[in-house]
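Take a look at the structure set out below.
In the numbering used here, the protein residues as written are 6 to 95.
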């Protein structure tokens, strides 16, 4: 294990997925570099406590709960209609 990670006793069983997600998914900061106009001090940026082994930043461009959307294709209205307004030349 890397020394960057927090040492902890791990159980062989896991909690519910929602509990694991609450514990391991980090929230994105609105302004990670601080308030507008503040001096940038690189030592103060980022995570202040040690990382746990399963912690990760959240992906802002995915579904929040992937298991609810796992087998559903993305559907866009009218994408399968070639000319929805009837403006094609015939």
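Quick reminder that beta carbons are idealized off the backbone N, C-alpha and C, glycines included.
In this text the structure is predicted, and so the values were computed from the model without any measurement.
CB contact flag (residue i, residue j, <8 Å)
i: residue 57; j: residue 13; result: yes
i: residue 53; j: residue 30; result: no
i: residue 55; j: residue 10; result: yes
Cβ shell of residue i (< 6 Å), same chain only, five flanking positions each side left out
i: residue 59; result: 29
i: residue 72; result: none
Run of the alpha helix (DSSP H) containing residue i, from where it starts to where it stops
i: residue 27; result: 22–29
Neighbourhood of residue i by C-beta, 8 Å cutoff - its chain only, sequence neighbours within 5 removed
i: residue 44; result: none
i: residue 21; result: none
i: residue 77; result: none
CB contact below 8 Å: residue i versus chain B
i: residue 10; result: In the structure shown, chain B does not exist; there is a single protein chain.
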